[in-house]
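Visitor:
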Amino acid sequence: MKLLGPDDDRNDRVLTRKAVLSIMAGSLMTLIPVVASVPFLPPFGLLMFLGWRLFKPGALPVWAAAPLGLFDDLVSGQPLGSAALLWQICSLMLDLVDTRLVARDFWQDWLLAGGSIALCLTAGRVFASSLSAHVDTALLLQIVVSVALFPLATRLCTALAGREDE
Amino acid sequence: MAPPRNHRPGFSRRAQYTVFAGYVLAASGALVGAILLLISIIDPRAFAVFRGAVREATTPVSAGLDWAWDGVSAVPRGIGDYFGAVDENRRLRAREAATRRYLMQARSLNRENARLRTLLALRDRSASPVVAARLVNSSASSTRRYATLNAGSSQGVLRGQPVRGPDGLIGRVVETSPNTASVLLILDPESIVPVRRTRDGLSAIVAGLGNGQVEVRTAGVVNAPLLAGDVFVTSGTGGIYPPGIPVARVSRSQRDVAPARVFAEPDALDFALVERAYLQPPVPRPTPTATPSPKPAAE
Chain H
1 MKLLGPDDDR NDRVLTRKAV LSIMAGSLMT LIPVVASVPF LPPFGLLMFL
51 GWRLFKPGAL PVWAAAPLGL FDDLVSGQPL GSAALLWQIC SLMLDLVDTR
101 LVARDFWQDW LLAGGSIALC LTAGRVFASS LSAHVDTALL LQIVVSVALF
151 PLATRLCTAL AGREDE
Chain A
167 MAPPRNHRPG FSRRAQYTVF AGYVLAASGA LVGAILLLIS IIDPRAFAVF
217 RGAVREATTP VSAGLDWAWD GVSAVPRGIG DYFGAVDENR RLRAREAATR
267 RYLMQARSLN RENARLRTLL ALRDRSASPV VAARLVNSSA SSTRRYATLN
317 AGSSQGVLRG QPVRGPDGLI GRVVETSPNT ASVLLILDPE SIVPVRRTRD
367 GLSAIVAGLG NGQVEVRTAG VVNAPLLAGD VFVTSGTGGI YPPGIPVARV
417 SRSQRDVAPA RVFAEPDALD FALVERAYLQ PPVPRPTPTA TPSPKPAAE
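Chains as they are written, first to last, in this note's numbering: chain H, 1 to 166; chain A, 167 to 465.
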């Protein structure tokens, strides 16, 4: 793990670029031309970020979560800084888990991702709207859908990462 | 399975410092995020410039997608129209005959109304909209309800202007950039619209709930019955929304506070009209000059 990204190997640079671009593209899913009355769209940027973080840990440096989260904040309508803080906290927590759990299987990855998604969405809701707002049912559904969609994000990440180690 | 990460990079000082610096950067990233979050909670308008810049860049994509989706969704309707034309023609003829009488009546009423208005020398406010534009996307993954309007300050859209659709009130402009604007929908949990009931003028407010519905809360009157089907329109109080725009219809009879549905369903929003704010924002009072006022002589 280098300070400014992974090793200056061409393959790794390409991988980093793919990771950053796919996460930003996930954040930009809010551009679909629908005016929503409830939060129905899963946070695709977060899903892609967790996919990369859990399946290709070398692709992104540990500090990349905050800038990527900041970009997500700019397009998601959440107060600026919310995703930057929460994604970075998730990233650091996953690093902590990595020191305890040397080898994880897919179910543990899914569980970790599910916990991170639930944390990010719940805390984001607390930051964004007052506690009296009636958004909790929609939020619960959003969490369930997002957790269910996580394997899809991991498939996308591994497909993008290519065949160098499969 | 993920390969274990190299947390102890051996005896190389440089490698150890690199790992350490990465964590320092990560922690400061989180700290910066927390500070930005605090600022934007205290002042929600703080970073409107950055959001505006991103919106400028991304709204054309959204508008293109919107256009493409309109084209695709028009195909089945076109086919249906083609085959249903004869039937529709017959139905429309019947309806035209039935409504002709009302049309005549309405025309004469209109004429009479115009005559009476001139008699009263009633000065109507110019209700010309600022611009008609499309709402192209929204904050679909957030608990806040913002939509992006495909027109901005170079089209005359200003902060605080009301946005309405053909069916009713949509929301108000909260941020503008040169070609886009952000609209706070009346469904947002932070949105409050002063309204009155159409049948008796009972004043109330319509507050967004965040779950796609709104809530009507009576203002001032205690124990006022709100009946299902009561229609509320904007009252003009507060100076943002012009009076008389339909806002919501009560969906369940209750007292004082009742759930309601808005007329302008966001899922069906197509064109939106940006109107002028009902009353101009007040001019700030001139700051008192520093000239000393004559003081009464001390005893």
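All residues carry an ideal CB built from backbone N, CA and C; glycine is no exception.
Note that the structure is predicted; figures quoted are calculated from it, not measured.
Which residues in chain A have a C-beta closer than 9 angstroms to the C-beta of T182(H)? List them in chain order.
Guide: Chain H is shown only over 1 to 166; residue 182(H) falls outside these bounds and no answer can be derived.
Visitor: For the segment 271–280 of chain A against the segment 32–48 of chain H, are there 3 or more C-beta pairs whose distance is under 8 angstroms?
Guide: Flag = no, the segment 271–280 of chain A and the segment 32–48 of chain H do not touch.
Visitor: Could you check if P134(A) is buried or exposed, using at least 16 other CB atoms within 10 Å of its CB as the buried criterion?
Guide: Only positions 167 to 465 of chain A appear in the structure, and residue 134(A) is not among them; the question remains open.
Visitor: Which residues of chain H have a Cβ atom closer than 9 angstroms to the Cβ of V475(A), listed in chain order?
Guide: There is no way to answer for residue 475(A), as the model of chain A reaches only from 167 to 465.
Visitor: How would you list, in chain order, the residues of chain H whose beta-carbon sits under 8 angstroms from the beta-carbon of F216(A)?
Guide: Here residue 216(A) is taken as the residue at index 50 of the second sequence, counted from 1. Ordered by position in chain H, the residues that pass the 8 angstroms Cβ test against F216(A) are L74, L80.
Visitor: Which value, in whole angstroms, describes the spacing of the CA atoms of L101(H) and Q88(H)?
Guide: For this step, residue 101(H) is matched to residue 101 along the first sequence. For this step, residue 88(H) is matched to residue 88 along the first sequence. For L101(H) and Q88(H), the distance between alpha carbons rounds to 20 angstroms.
Visitor: Less than 8 angstroms between the CB of L60(H) and some heavy atom of the ligand MG, yes or no?
Guide: With respect to the ligand MG, the structure offers nothing, as it holds no ligand at all.
Visitor: So with Cβ pairs under 9 angstroms, would you call F429(A) a contact of chain H?
Guide: Within the second sequence, residue 429(A) is the residue found at index 263, counting from 1. False, the Cβ-Cβ gap to chain H never drops below 9 angstroms.
Visitor: The segment 55–70 of chain H: which residues have C-beta closer than 9 angstroms to a C-beta of chain A, in chain order?
Guide: Hits within the stretch, in order: F55, K56, P57, G58, P61, V62, W63, A64, A65, A66, P67, G69, L70.
Visitor: When the Cβ atoms of the segment 16–27 of chain H are set against those of the segment 55–65 of chain H, are three or more pairs found closer than 8 angstroms?
Guide: Yes, since at least three Cβ pairs between the segment 16–27 of chain H and the segment 55–65 of chain H fall closer than 8 angstroms, the two stretches touch.
Visitor: Measuring CB to CB, does L94(H) end up less than 9 angstroms from R53(H)?
Guide: Position 94 of the first sequence, counted from the start, is the residue given in the question as residue 94(H). Position 53 of the first sequence, counted from the start, is the residue given in the question as residue 53(H). Going by C-beta atoms, L94(H) is nearer than 9 angstroms to R53(H).
Visitor: Name the one or two DSSP bridge partners that T400(A) has.
Guide: For the purposes of this step, residue 400(A) is taken as the residue at position 234 of the second sequence. Its beta-bridge partners are V361(A).
Visitor: Find the nearest neighbour of G386(A) within the set V361(A), V399(A), Y189(A), T265(A), judged by alpha-carbon distance.
Guide: Here residue 386(A) refers to the residue found at position 220 when the second sequence is read from its first residue. The residue with the shortest Cα to Cα distance from G386(A) is V361(A).
Visitor: Closest Cβ-Cβ distance between V144(H) and chain A: below 9 angstroms?
Guide: Sequence index remark: in the first sequence, residue 144(H) carries index 144 (1-based). Taking Cβ atoms only, chain A never reaches closer than 9 angstroms to V144(H), which makes this a no.
Visitor: Quick one: what's got a C-beta closer than 8 angstroms to T309(A)'s C-beta in the same chain, skipping five residues either side?
Guide: What you label residue 309(A) is simply residue 143 of the second sequence in a count that begins at 1. P355, G376.
Visitor: What do you reckon, are the CB atoms on R442(A) and V296(A) nearer than 9 angstroms?
Guide: To locate residue 442(A), count along the second sequence from 1; it is residue 276. To locate residue 296(A), count along the second sequence from 1; it is residue 130. Closer than 9 angstroms, so yes.
Visitor: Can you find a CB in chain H that lies within less than 9 angstroms of the CB of S417(A)?
Guide: Here residue 417(A) refers to the residue found at position 251 when the second sequence is read from its first residue. Not one chain H Cβ lies under 9 angstroms of S417(A).
Visitor: Checking 9 angstroms against the spacing of the C-beta atoms, do V38(H) and A138(H) come in under that value?
Guide: Taking the first sequence and counting its residues from 1, the one referred to as residue 38(H) is at position 38. Taking the first sequence and counting its residues from 1, the one referred to as residue 138(H) is at position 138. Cβ atoms of V38(H) and A138(H): closer than 9 angstroms.
Visitor: Short of 7 angstroms in beta carbon distance, which residues of its chain neighbour R261(A), apart from the five on each side in sequence? Order them along the chain.
Guide: Here residue 261(A) refers to the residue found at position 95 of the second sequence. If we look at R261(A) and ignore the five residues flanking it on each side, it has no Cβ neighbours.
Visitor: Could you tell me how far apart the beta carbons of G199(A) and G69(H) are, in whole angstroms, since I believe they sit closer than 8 angstroms?
Guide: As a working note, residue 199(A) is residue 33 in the second sequence. As a working note, residue 69(H) is residue 69 in the first sequence. So it is a contact: roughly 7 angstroms between Cβ atoms.
Visitor: In chain H, which residues lie with their C-beta within 8 angstroms of the C-beta of P432(A)?
Guide: Here residue 432(A) is taken as the residue at index 266 of the second sequence, counted from 1. Simply V35, A36, S37.
Visitor: Using a beta-carbon distance cut-off of less than 8 angstroms, what residues from the segment 109–140 of chain H approach chain A?
Guide: Answer in chain order: D109, G124, R125, F127, A128, S129, S130, S132, A133, H134, V135, T137, A138, L139.
Visitor: Give the residues from the segment 81–93 of chain H that approach chain A closer than 9 angstroms (Cβ to any Cβ), ordered along the chain.
Guide: Here the close residues are G81, S82, A83, A84, L85, L86, W87, Q88, I89, S91, L92.
Visitor: What first and last residue would you give for the alpha helix (DSSP H) that runs through F55(H)?
Guide: As a first step, residue 55(H) is located in the first sequence; it is residue number 55 there, counting from the start. Unbroken alpha helix (DSSP H) run through F55(H): 44–55.
Visitor: Any C-beta of chain H sitting closer than 9 angstroms to the C-beta of D232(A)?
Guide: Mapped onto the second sequence, residue 232(A) falls at position 66. Answer yes: the Cβ-Cβ gap between D232(A) and chain H drops below 9 angstroms somewhere.
Visitor: Unbroken beta strand (DSSP E) runs of length 3 or more, entirely within the segment 228–306 of chain A: which are they?
Guide: Within the segment 228–306 of chain A, the complete beta strand (DSSP E) runs of at least 3 residues are 297–304.
Visitor: Ignore the nearest five residues each way along the sequence and tell me which others in I117(H)'s own chain have a CB closer than 8 angstroms to its CB.
Guide: As a working mapping, residue 117(H) is identified with position 117 in the first sequence. Only P43, L46, L47, L50, I143, S146, V147, F150 meet the Cβ criterion.
Visitor: Going by Cα to Cα distance, which pick from D9(H), A66(H), V20(H), D12(H) is closest to A192(A)?
Guide: Mapped onto the second sequence, residue 192(A) falls at position 26. The shortest Cα separation from A192(A) among D9(H), A66(H), V20(H), D12(H) belongs to A66(H).
Visitor: What does T314(A) pair with, by DSSP beta-bridge criteria?
Guide: Taking the second sequence and counting its residues from 1, the one referred to as residue 314(A) is at position 148. DSSP lists N303(A), S348(A) as partners of T314(A).
Visitor: Going by alpha carbons, who is nearest to R415(A) out of R311(A), A223(A), A430(A), P409(A)?
Guide: As a first step, residue 415(A) is located in the second sequence; it is residue number 249 there, counting from the start. When each option's Cα is compared against that of R415(A), the closest is A430(A).
Visitor: Output yes if chain H places a C-beta closer than 9 angstroms to the C-beta of R266(A); else output no.
Guide: Reading the second sequence from its first residue, position 100 is the one you call residue 266(A). Output row for R266(A): interface = no.
Visitor: Run through chain A and tell me which residues come within less than 7 angstroms of F40(H), C-beta to C-beta.
Guide: Residue numbering aside, residue 40(H) sits at position 40 when the first sequence is read from its first letter. Neighbours of F40(H) on chain A, chain order: A306.
Visitor: The beta strand (DSSP E) that contains P425(A), what's its start and end?
Guide: Numbered from 1 along the second sequence, position 259 holds the residue referred to as residue 425(A). From DSSP, the beta strand (DSSP E) with P425(A) extends over 423–428.
Visitor: Where do the ends of the beta strand (DSSP E) carrying F213(A) lie?
Guide: As a first step, residue 213(A) must be located in the second sequence, where it is residue number 47. F213(A) -> no beta strand (DSSP E), and no H or E assigned at all.
Visitor: Rounded C-beta distance between Q78(H) and A128(H)? I'm assuming under 8 angstroms.
Guide: Here residue 78(H) is taken as the residue at index 78 of the first sequence, counted from 1. Here residue 128(H) is taken as the residue at index 128 of the first sequence, counted from 1. Their Cβ separation, rounded to whole angstroms, is 5 angstroms, which keeps Q78(H) and A128(H) in contact under 8 angstroms.
Visitor: Do we get a CB-CB distance below 9 angstroms when we pair G162(H) with the residues of chain A?
Guide: Your numbering for residue 162(H) matches position 162 in the first sequence. Output row for G162(H): interface = no.
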